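The structure under discussion appears below in the form of structure tokens.
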Amino acid sequence: MSLEPQELDDLTSKIGRKPTSTELQIVAAEWSEHCSYKSSKKHLKMLPMKGPLVISEKGYDSGVLDVGDGYVITAHIESHNHPSAVEPYGGAATGVGGVIRDILSAGTRPIAIFDGLRFGDIEKDLQARWLFKNAVTGIADYGNCLGIPTIGGEVEFDECYSNYALVDVAAIGFGKKKNLIKNHAKKGDLVVLLGGSTGRDGIGGSQFASDSLESENRSAVQIPDPFIEKLIIEAILEARNQNLIHAMKDLGGGGLSCAVSETADALSIGIEMDVNKVHTRESDMNPDEIMVSESQERMLIVTNNDKLKKLDKICKKFRITCSVIGHVTSNNMMHVKKGKKTCANLPTDVVANATLLDRPSKKPAYLKNIEKEKKLKPILDYSKMMMKFISSPNIASKIWVYGQYDHEVGIRTVVKPGMDSSVLRLDNGKFLAAKIDGNPKHCYINPREGAIGCFEEACRNVVCTGAKPIGMLDHLQFGNPENPEIFWTFLESLKGLTDFAKYFEIPCVGGKVSLYNETPSGPIKPTPIIGILGLIDKTPLYSQKITTGNCLVIIGDTKNEMGGSEYFEYIHKFVGGKCPVVNFQESKTNMNIVLDLIRKDLLKTVHDCSKGGLAVAVSEICMTHQIGCNVSLEKVPGPKLDVDRILFSESHSRYLLVLEKKNTKKLEELLKKSKASYKMIGEFGGENIRFNKENKHVIDLRVDKAQKTWFNSLRELVVHG
Amino acid sequence: MAIFNVHVIIENKPGISDPEGETILNDLVLKGTHSAISKIKTAKMLKFTIKEKDKKSAQTRVKEICDELRIYNPMVSKITIDVFDS
């Protein structure tokens, strides 16, 4: 229980009496940071949330976007960091379950899952390796059992996550606009709890997520049951088709307390419920436990007496339990009874709206000198260094991870994981590209520019498939907000995201804030994760086989922006320098011209430059297509720089285009007109990846050897240590 | 020194749900005519063969190995260790 003394006073004065023990439990759950967003809510309002495609409805847990022809997509992002750090398999799996029910609660069918995973240094840290392995298995098992493809994500390792895990899960839903649940309820409607039984697992989970994970208080563990989840999905969608659902909410953090109070508050109704009616796993559970249990795979539904029979029939068919636990009243009270005895009777607006806080913020001291670079040891053999680099956990191919996920079930996945972003086929002939990105190394050095960079990178990734970004999900993960320095980094990131979203007119359709991400050795680096949804009206760019003589063109300048780069941190073990900054104007120009070139069918494939810089991006193209390439470093556009900076700077807004020679003239015409900075920098062919300067090979790698290393090193590391 | 067989049973702690056991009960056993069964719990068993001086130290040693190597997650599971003469 984590109600602060002043919050207790606040509650007492608001209700005019001393709260009962059940009331305390309910309020502690709902007023926890995890459920109430008390530190962040005031500030989140700055994000633009409206747009021509956005459909907003009261009580939605996920963002809804109109994709035309009577169809909508829904999207949501969640994290399950604290539970996954304790029990990675169950924590990651139940994280997937939770976000899928958010999609379901809008009345849409979940069609894709994404996961962003972050752990400590798996090269040295056995615990990190254990967490990583089990979290991946947890996601794979859960998603695969449900028949929902896991089509993308990202994996990153950094010492700041030692003894901890960031497990972010995003999901996308698809459905007909007319089938969306229009949350409403009137007096006398019934409140039904559907799905798994309520047990003692996960008691106090949301408060647990709002405390720092220090040592032994790690009791909130949830056990995944994907088979019940699958039955719930099918039952709910059938009930939706028969119009049996007036309002719906999934049970996540805070369990029944939050679901009941938030539903009542959103719909301006009251709910009277009886804990004796809740189907429980154990017979001796007390009302407090029932109200805050976070047992998984449960949904709260509001329906009426006439429709209940039909709903019962559907539940019987799918063999899931559903119990009527209460009814809707008109007095705006949340009334919890056990039989005839009242356990809690609180105004819903008091429960659902914690007093929002104005946390103090202060620029962190560590930022003062962070941009100063130290003198680096010269690299004697870049080829050797490059082989080490492409086998490093952050750069190596993530095939070991996404290879465990079924990414094709549902037969929508037309561009598969391993490319910049995956693409899904929609029923109206359009396509949806989606990607999530984060970059804590950049965000640590500059929370504002780093966050903007994540946003731009996610946009770049969907642009590479020919998709126009239409909506954004943000997931803001930081340490303890009571520390003004950490709160400052949160605010800076948020302001950066807001500026970018406004400039590009990309509305924020959903998000999550996860604070108190602290490990025994301190806070995590600021880790905002951005998810981008992109829409393709006609056809996506299907990457074509690259053949000898094809040309490599780069769009965008390579600048001296090495701070937070993999090269600095992995090769030189140096944290510092200036992190890449997005020039909004340049970013927009480059994005538009790439989309135009794809639409005109001039390109074979497009890849963005990000982690590891130009050297890694070109190598990735070569290794994926198993063909060599000769790149002239002196042709790379931008200020004059040393070779290591040209190779490894992680400047944003850069795209690599591959095209046939015969298309180059047309391409140059269009590029000139667009005023984008570009250059033809290389030609494909042979069996070696070569970066040349002044007729010397700075890097010279055999493609087949590099490919083998890049492809297998992560698996080798995890499986054989 | 003697040889002992040590059986380690790993199962979910009481109160934590066991979807596999429940599925076997509801979808297999109770679908037949075995209504006398009221509960099924799944568990995993590891059988160690160990050389130690006595039963007690065999048990302690195996427990230490299980803890050290994270063979089970103490947050979720409990283990029961039985020692037999080989």
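Each protein sequence line maps, in turn, to chains W and B.
When you read off a place in the first sequence, starting at 1, and then add 1387, the result is the number in this note's numbering.
When you read off a place in the second sequence, starting at 1, and then add 2, the result is the number in this note's numbering.
Note that beta-carbon positions come from the ideal geometry of N, C-alpha and C, so glycine has one too.
If you're wondering where the values come from, they're calculated on a predicted model, not measured in any experiment.
Would you mind stating whether residue i and residue j have Cβ atoms separated by less than 8 Å?
i, j, result
"W:D1528", "W:A1480", "yes"
"W:Q1972", "W:Q2094", "no"
"W:A1651", "W:T1735", "yes"
"W:L2039", "W:E1760", "Position check: residue 2039 of chain W holds His in this sequence, whereas Leu was assumed. No; because the gap between Cβ atoms is not below 8 Å, this pair is not in contact."
"W:G1455", "W:N1977", "no"
"W:D1995", "W:R1847", "yes"
"W:T1409", "W:C1645", "no"
"B:S90", "B:N7", "Because chain B spans 3 through 88 in this model, residue 90 of chain B falls outside it and cannot be assessed."
"W:G2113", "W:I1823", "With chain W running from 1388 to 2108 in the structure shown, residue 2113 of chain W is simply not present."
"B:G23", "B:I52", "no"
"W:F1705", "W:Y1957", "no"
"W:S1466", "W:D1545", "no"
"W:A1522", "W:A1552", "yes"
"W:V2005", "W:L2043", "yes"
Please classify residue i: does DSSP put it in a helix, a strand, or coil?
i, result
"W:P1967", "coil"
"W:M1686", "strand"
"W:L2044", "strand"
"W:G2025", "coil"
"W:G1482", "helix"
"W:Y1890", "helix"
"W:P1674", "helix"
"W:R1488", "helix"
"W:P1907", "coil"
"W:E1603", "With a pLDDT of only 37 at W:E1603, under the threshold of 50, the placement of this residue in the model should not be trusted; the figure read from the coordinates follows. Three-state DSSP puts W:E1603 in coil, outside helix and strand."
"W:K1569", "coil"
"W:V1647", "helix"
"W:P1536", "coil"
"W:K1975", "helix"
By alpha-carbon positions, which one of the options ends up nearest to residue i?
i, options, result
"B:V78", "B:I67, B:A45, B:K57", "B:A45"
"W:I1632", "W:L1902, W:E1872, W:D1693", "W:D1693"
"W:E2055", "W:I1941, W:I1832, W:K1564, W:N1718", "W:I1941"
"W:L1618", "W:V1711, W:V1647, W:E1659, W:G1484", "W:G1484"
"W:V1993", "W:Y1929, W:G1964, W:T1934", "W:Y1929"
"W:V1796", "W:R1812, W:I1786, W:S1408, W:S1808", "W:R1812"
"W:H1794", "W:V2085, W:L1533, W:S1466", "W:L1533"
"W:H1421", "W:Y1458, W:G1642, W:P1536, W:Y1548", "W:G1642"
"B:I12", "B:C68, B:V31, B:V85", "B:C68"
"W:Q1514", "B:M3, B:D84, B:P76, B:L71", "B:L71"
"W:D2091", "W:C2016, W:K2060, W:V2105, W:D1699", "W:C2016"
"W:I1460", "W:N1468, W:F1544, W:W1517, W:A1558", "W:A1558"
"W:L1390", "W:K1574, W:T1399, W:S1419, W:G1457", "W:S1419"
"W:E2037", "W:Y1424, W:R1799, W:C1841", "W:C1841"
Does the Cβ of residue i have 16 or more other Cβ atoms within 10 Å, making it buried, or fewer, making it exposed?
i, result
"W:P1967", "buried"
"W:S2100", "buried"
"W:K1636", "buried"
"W:A1821", "buried"
"W:T1585", "buried"
"W:G1909", "exposed"
"W:H1469", "buried"
"W:G1753", "This sequence places Tyr at residue 1753 of chain W; Gly is not what is there. When all chains shown are included, W:Y1753 counts as exposed."
"W:D1502", "buried"
"W:V1962", "buried"
"W:R1404", "exposed"
"W:Q1864", "buried"
"W:G1494", "buried"
DSSP puts residue i in a beta bridge; with which residues?
i, result
"W:E1541", "W:G1503"
"B:F86", "B:N7"
"W:D1447", "Reading off the sequence, residue 1447 of chain W comes out as Tyr, not Asp. In DSSP, W:Y1447 forms no bridge with anything."
"W:Y2065", "W:I1942"
"W:R1812", "W:F1818"
"B:S79", "B:N14"
"W:S2019", "W:N2079"
"W:Q1864", "W:S1901, W:T1914"
"W:E1879", "Answer is none; W:E1879 lacks a bridge partner."
"W:R1496", "W:F1561"
"W:H1463", "W:A1558"
"W:I1823", "W:G1918"
Please tell me whether, using a cut-off of 7 Å, the distance from the CB of residue i to the nearest non-hydrogen atom of the ligand SAM is below it.
i, result
"W:K2092", "This structure does not include the ligand SAM; it has no bound ligands of any sort."
For a cutoff of 8 Å on Cβ pairs, would you count residue i as touching chain D?
i, result
"B:G17", "The displayed structure is made up of protein chains W and B, and chain D is not among them."
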